[in-house]
Amino acid sequence: MQLLKSFFIILVISISLPSLGDVERKHIIVNFSMLASNENELNGQKIGIRGWILFDDYEKSKKAMLFPTEESKRTFNVDEAIQIDIIKEDYEAVKKYLSGSIVTVYGTYKIINSKYTRLFGAIIKIDDIDIVHVDL
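Residue 32 is where the sequence shown starts when you use the working numbering, and the numbers rise one by one after that.
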């Protein structure tokens, strides 16, 4: 009887909160170290990763980059960064709102070989970007 009661309580809770953390449940949450050691396994998978986002505008292209540490962001160390594919139409608005922030990016990870991202690939097909609020 106690087991049935416990099962019923768990069932009610799970039905009551269907959307809580919905994005996170669809994605494998990783950090930069885990990504580096499992890059091939994570290729094509939906991931969530946290870092500092910066935007870099060139004449021919505009790129968003996610850095693992504040130091790598400050020195713009692209060897440690992941490219974030932002839709061209949304780029300026996203840049204005998020530049320099700590964010969690949810999207599909893809290994790419380019001179722009040497160590990591890119997050393509962005599902969501959340600002991380840090109390100092």
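Note that beta-carbon positions come from the ideal geometry of N, C-alpha and C, so glycine has one too.
Residues bridged to R105 by DSSP?
Start at 1 with the first residue of the sequence shown, and residue 105 comes out as number 74. DSSP output for R105 lists no bridge partner at all.
Between V54 and Q33, what straight-line distance do the alpha-carbon atoms span, to the nearest angstrom?
Position 23 of the sequence shown, counted from the first residue, corresponds to residue 54. Position 2 of the sequence shown, counted from the first residue, corresponds to residue 33. The pLDDT assigned to V54 is 48, lower than 50, so where the model puts this residue is not dependable; a value taken from the coordinates is nonetheless given after this. Rounded to the nearest angstrom, the two C-alpha atoms are 33 Å apart.
Answer with buried or exposed for Q114, where buried requires no fewer than 16 other C-beta atoms within 10 angstroms of its C-beta.
By 1-based counting over the sequence shown, the position of residue 114 is 83. Label assigned to Q114: buried.
Considering only the alpha carbon of each residue, which of E102, I84, L73 lies closest to K94?
On the sequence shown, residue 94 is found 63 positions in, with the first residue counted as 1. Of the candidates E102, I84, L73, the one whose C-alpha sits nearest the C-alpha of K94 is I84.
Residues near L66 in its chain [Cβ-Cβ closer than 8 Å; skip 5 each side]:
For this step, residue 66 is matched to residue 35 along the sequence shown. Within the same chain, L66 has close Cβ partners L73, I78, I80, I113, Y140, F151.
Assuming I157 and D116 form a contact by the criterion Cβ under 8 Å, report the distance between their Cβ atoms to the nearest whole angstrom.
In the sequence shown, counting from the first residue as 1, residue 157 sits at position 126. In the sequence shown, counting from the first residue as 1, residue 116 sits at position 85. The Cβ separation is near 7 Å, so the contact holds.
If you draw a straight line from the alpha carbon of N62 to that of S92, how long is it in whole angstroms?
The residue labelled residue 62 in the question sits at position 31 within the sequence shown. The residue labelled residue 92 in the question sits at position 61 within the sequence shown. Rounded to the nearest angstrom, the two C-alpha atoms are 27 Å apart.
Among A153, N144, V134, the one whose alpha carbon lies nearest that of D159
Residue mapping note: residue 159 aligns to position 128 of the sequence shown, counting from 1. Of the candidates A153, N144, V134, the one whose C-alpha sits nearest the C-alpha of D159 is V134.
Would F98 be called buried (16 or more neighbouring beta carbons within 10 Å of its own) or exposed?
What you label residue 98 is simply residue 67 of the sequence shown in a count that begins at 1. F98 should be labelled buried.
For the beta strand (DSSP E) that V136 lies in, which residues bound it at each end?
What you label residue 136 is simply residue 105 of the sequence shown in a count that begins at 1. It spans 133-141 - the beta strand (DSSP E) in which V136 sits, taken as one unbroken run.
According to DSSP, is F98 part of a helix, a strand, or is it coil?
Taking the first residue of the sequence shown as 1, we reach residue 98 at position 67. Strand at F98.
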